[in-house]
Amino acid sequence: MNEYTIKIKKNSDIGKICNELLKSEYQLDNFLAEIEKLKRGRVKKEDTLRRSALGSYVSATVQQLENYVLKNDIYISKKRKSSLKRLAFKSDKVLRENIVMQSVPPLDVINFKNVPIRYSYSSFGRREQRWGYGLHLKPFNEEGDSITIANMPKSYTQSIHNHKVSEYCLSVDSKTEGIYFPGGKREKIYTTKKSQILHFSATTPHTLRNPLNKSSRNITFKHSSALTDWRPISKLNGVKTIRARILKGDIYKINDFETHKEFKIKDSYYNYKIEIIRLKKGTQYKNKHPFDQFIFIMNGRLTVSHKSILKSCKKNDFIVIDKNTEYVINTNTFCRLYTVVL
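Residues 182 to 523 in the working numbering are what the sequence shown spells out, letter by letter.
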């Protein structure tokens, strides 16, 4: 993974790195044109990984350059800033290729090993791996609703930022600290437990921190505009509200083997329901939906089937099920499944 880490020994290196990045712009444009023409079920995982490798390199390099410039208060020209902004936009868009397009109808599984590598670099140092899935069947994630998963390493703090819209972040593995207005007089820390949600109101400056000595994942559901609505501490959206809270959800026991936890999210920006399905080992779960269904495997190992189609999946894999397709899940271990109902 070290190919994404840059070293700046002197300020003149910044210009050299920028010039090197600009050589990639033509290929980024070609990749974006390729993605726009993708047809579901005809996308090879090797092609997605090929495109994402360049997107990850450019995105990671731009992030590290911007963090270095901000931290050391270095002047760079408007032209250079414009170039970096343009490269960041194009590389991030390449990384928002909807890998659900790889799925073959009516039922398929996107294995985590085929998910493109992408990193978010914190202004506090270090990085976290991120990936996402469109909850639709179009080429780019931002062409509809999507989810973003972040894997925070131990003792890691994200960059301080805010959004024009509200944000609901589900803690997947263990406790996560949500800090709103960090560094200010009104700083406050909220700590979630596993399977609880941190809610930040629109424009609230905040960050997430993993206080543990192990990695921890979180999931955020996003509308199309929310994917690109991220502003760092140096360029915050106008702060109108400073508010955060914890949502614990409602638990419904279906039987001795199956339990559901639901979060009904509704505000000026969002109206949807998160459902976490908990299935004990050896459980069979059957269902069919009048809409396309997407299931993220939070934990466990299972098989999912439809007629002659049988797929195995495990932690971090993603199931894609076409509407009106009856499917059967059989668990090999205790499983937690994440779904969104719109």
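All C-beta atoms in this analysis are idealised placements derived from N, C-alpha and C, irrespective of residue type, glycine included.
Values in this document were obtained by computation on a predicted structure and should not be read as measured data.
- Excluding the 5 residues flanking it on each side, residue 484 has same chain C-beta neighbours closer than 8 Å at 491, 492, 493, 494, 510, 511 and 513, in chain order.
- Scanning its chain for C-beta atoms nearer than 8 Å, with the 5 sequence neighbours on each side dropped, one finds around residue 295 the residues 226, 229, 230, 280 and 283, in chain order.
- In the DSSP annotation of this structure, the continuous segment of the alpha helix (DSSP H) that includes residue 216 starts and ends at 206 to 217.
- Closest in C-alpha terms to residue 287, from the list 428, 239 and 508, comes 508.
- Distance from the CA of residue 411 to the CA of residue 362, rounded to the nearest whole angstrom, comes to 15 Å.
- Counting only runs of 4+ residues, the alpha helix (DSSP H) found wholly inside the region 253 to 286 occupies 259 to 276, in chain order.
- It is roughly 31 Å from the alpha-carbon of residue 219 to the alpha-carbon of residue 351.
- Rounded to the nearest whole angstrom, the CA to CA distance from residue 324 to residue 298 is 21 Å.
- Between the region 300 to 308 and the region 336 to 349 there are three or more inter-stretch CB-CB distances shorter than 8 Å, so the stretches are counted as touching.
- Of the other Cβ atoms in all chains shown, fewer than 16 fall within 10 Å of the Cβ of residue 522; this residue is therefore exposed.
- Under a 10 Å Cβ-count criterion, residue 216 is classified as buried, with 16 or more other Cβ atoms of the shown protein chains found around its own Cβ.
- Around the Cβ of residue 193, a 10 Å sphere holds fewer than 16 other Cβ atoms; the residue is exposed.
- The Cβ atoms of residue 457 and residue 446 lie no closer than 8 Å to each other.
- Taking each of 436, 358, 366 and 450 in turn and checking the Cα distance to residue 384, the smallest one comes out for 450.
- Between residue 268 and residue 202, the C-beta gap is smaller than 8 Å, which places the two residues in contact.
- The continuous alpha helix (DSSP H) containing residue 200 extends over residues 193 to 203.
- Per the C-alpha coordinates, the member of 413, 356 and 448 positioned closest to residue 349 is 448.
- Distances from the alpha-carbon of residue 235 to those of 197, 256, 246 and 276 put 276 closest.
- Residue 245 is classed as buried because its beta carbon has at least 16 other beta carbons within 10 Å across all chains shown.
- Taking 8 Å as the cut-off, the beta carbon of residue 392 is found closer than this to the beta carbon of residue 358.
- Nearest to residue 278 by alpha-carbon distance, out of 382, 334, 307 and 237, is 237.
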